[in-house]
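Numbering (my numbering), first residue to last: 51 to 133.
Just below is one structure, and these are the notes that go with it.
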Amino acid sequence: MAKKASTTAETAAVAPAGPAGIVTVEPAAYYRVEALTRFRFAGAGFGPLSRTEVTGELLTRLLASEHAGKVVRWGAVADQPTG
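So, in structure tokens, the structure goes:
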């Protein structure tokens, strides 16, 4: 079942590299990203031997950047930090 889409274009981004069932990125949620090669984006390091956790806002920017092709997979983090 797909996640409910956000109501505004500013708070949701279509993410073609996402796992099945996830069609939008929520800016306040956390996502785990795996990359094909090593690179840095917005102060975060990505690479093939690591899973980098980023906010949905940063993930949206990453998927719209020149580094989008280096993203192998991404998915929502199950345990999100609270307050």
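No residue lacks a Cβ here, since even glycine has one placed at the ideal position from N, Cα and C.
- Task: Please classify V121: is it buried, with 16 or more other beta-carbons within 10 angstroms of its beta-carbon, or exposed?
- Result: buried
- Message: Using only CA atoms, which one of F89, F91, E116 and R101 lies nearest to Y81?
- Response: R101
- Do you know offhand how far G138's Cα is from A128's? In the structure as shown, the chain starts at 51 and stops at 133, and residue 138 therefore has no counterpart that could be examined.
- Residues in its own chain within less than 8 Å of G97 by CB, not counting five upstream and five downstream? A85, T87, R88 and F89
- Query: Between which two residues does the alpha helix (DSSP H) carrying E116 extend?
  - Reply: It is not in any alpha helix (DSSP H) - E116 carries neither H nor E in the DSSP assignment.
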